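The working numbering puts the first residue of the sequence shown at 15, with every later residue one more than the last.
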Amino acid sequence: MVAESGVTEVQVRELSGIAEMTAASTLWDTIWARREPGHEVDPALMVALSHAGGYLAAAFDGDTMIGAALGFWGSPAYGTLHSHITGVLPSYAGRGVGAAIKNHQRSWVLDRGGAAITWTFDPLVSRNAHFNLNRLGARPERYLHDVYGELSDDINRGDPTDRLLARWSLTTPPRPPSTGPAAALLANHDGAPVVGLSLEEIEPDTALTVAVPDDIERLRRSDPATGSLWRVAVRNAMVPLLDRGWLVTGFDRIFGYRLEAPQAAPDRGSAERTH
């Protein structure tokens with residue numbers, strides 16, 4: 015698989031054998047700056063997952079492994095692969111490597127009769143939200159509170175592991191968000207979250223936006239207290255809406271997530287389900 019035009023050319027292929035599994039696991043340790051003993055994912059378990067029909071692949075620049083991904087099948091009735099972990103070396107960020115891996119994963123799933131891929135991502139990381147929703151067309155379906163518990167890597171240490179569970183339908187493209195007006199439930203002001211309106215003020219026929227920081231990882235390093243405020247604010251803004259059936263229909267780099275009430279939101283198609 016070749017990355018899109020104008021970016022680094024990479025080859026993505028499936029992995030086999032303990033040596034390649036160990037190399038991929040070590041790569042993830044580097045990406046997540048793991049300091050604890052052991053691996054982010056046990057290489058022997060990766061071998062077992064491969065034999066059981068799981069997805070294990072890596073991106074290469076020449077002979078150098080620069081990204082890797084692991085996934086396993088969910089319920090056979092849904093034909094869904096759950097992509098558990100995907101990582102790309104920071105030096106290759108923004109060069110199409112993540113897209114190359116996802117496109118390889120998409121082809122792999124379709125070749126085996128699957129119809130969707132799910133994964134989880136941190137709702138505060140705006141670049142991931144943009145990639146997942148705008149580039150791929152995935153749609154978040156659930157907000158998971160501290161789903162993985164406390165993690166020891168440098169990226170997640172000390173922060174609740176709240177995640178959005180996203181679903182990427184490979185056979186039914188999502189319809190675009192409505193063009194109706196949107197009101198700010200949460201706004202970005204001087205780096206800190208500001209509540210624009212309360213849940214009691216929400217009109218069901220008006221879309222809402224929920225802002226996120228421009229760069230939460232930098233903010234966590236420079237101002238952890240404000241980073242924590244964002245975690246709680248976004249959780250408090252999104253969870254009640256999703257619990258009431260509101261749908262995340264898009265993401266804007268300035269205004270954040272767009273949510274619409276069920277009766278106003280576009281039909282997601284019959285293939286939708288749940289990372």
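Backbone N, C-alpha and C define an ideal beta-carbon position, used for all residues, glycine too. Computed from a predicted structure; not experimentally measured.
- Message: Among the candidates D136, G163, S140 and L179, whose CA atom is the shortest distance from the CA of R153?
- Response: L179
- Query: Distance, Cα to Cα, T132 vs R181?
  - Reply: 4 angstroms
- Query: Between the segment 143-159 and the segment 264-279, do three or more beta carbon pairs fall short of 8 angstroms?
  - Reply: yes
- Message: Mapping the DSSP letters down to three states, classify T94 as helix, strand or coil.
- Response: Residue state for T94 is assigned as strand, using DSSP reduced to three classes.
- Query: Using a Cβ-Cβ cut-off of 6 angstroms (strictly less than) and excluding sequence neighbours within five positions of L255, which residues of its own chain qualify?
  - Reply: L273
- Item | Boundaries (first-last residue) of the beta strand (DSSP E) holding E28 | Q25 to E28
- Query: Do you know how far the Cα of A47 is from the Cα of T36?
  - Reply: C-alpha of T36 to C-alpha of A47: approximately 16 angstroms in a straight line.
- Quick one: what's got a C-beta closer than 6 angstroms to L41's C-beta in the same chain, skipping five residues either side? M79 and A82
- Message: Please state the DSSP three-state secondary structure of D266.
- Response: Judged by DSSP in its simplified three-state form, D266 adopts strand.
- Query: Near T223, which residues of its chain fall below 6 angstroms by C-beta distance, leaving aside the five closest residues on each side in sequence?
  - Reply: A196, A198, F269, G270 and R272
- Residues that Y271 bridges to, as DSSP identifies them: V224 and F265
- Distance, Cα to Cα, W244 vs A221? 21 angstroms
- Could you check the C-alpha separation between S39 and V226 for me, to the nearest Å? For S39 and V226, the distance between alpha carbons rounds to 30 angstroms.
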